[in-house]
Amino acid sequence: MEQIQRLGYKGEYHWVTTDDGYILRLDRITYSPVAGENSDRPVVYIQHGVIACSEMFVFWRHNSSLAYLLADTGYDVWLGNSRGTTNSRNHTHLSPDKHPFWHY
């Protein structure tokens, strides 16, 4: 969130627990300095590829980042994180330091 806040955007984290106990973090851009706040925005969900995380969509300058471009044009932007990534290494009872965590 620190990265988007420096650029004048606002966001929030949401945690979702899967049926098999993995706790995944979703990042949401809730405000754009260009589009403002609007509760009737269409939703867009962006999911990273292998060996990445949601931060790849907000790391670059706001005028060349897909997440910022979508937020600026009025979308409610949600960024997903796959299990096992930096932002989603949590589980209800398994430790990422142990082998069973990685059997999904």
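Residues in the sequence shown are numbered from -4 upward in steps of one, following the working numbering. Idealized CB from N, CA, C, for every residue including glycine. Values in this document were obtained by computation on a predicted structure and should not be read as measured data.
Grab the span of the alpha helix (DSSP H) containing L61 for me, first residue to last. In the sequence shown, the residue the question calls residue 61 occupies position 66. L61 -> alpha helix (DSSP H) spans 61 to 67.
Return the CA-CA distance between H88 and V29, expressed in angstroms with no decimal places. What you label residue 88 is simply residue 93 of the sequence shown in a count that begins at 1. What you label residue 29 is simply residue 34 of the sequence shown in a count that begins at 1. Computed Cα separation, rounded: 42 Å.
Is R84 helix, strand or coil by DSSP? Counting from one through the sequence shown, the residue named residue 84 turns up at place 89. In this structure, R84 counts as coil in the three-state DSSP scheme.
Residues sharing a beta bridge with Q42, DSSP: Your numbering for residue 42 matches position 47 in the sequence shown. According to DSSP, Q42 bridges with G75.
For R20, which option in Q0, D92, H86 has the closest C-alpha, if you only look at C-alpha atoms? Numbered from 1 along the sequence shown, position 25 holds the residue referred to as residue 20. R20 has its Cα closest to that of H86, out of Q0, D92, H86.
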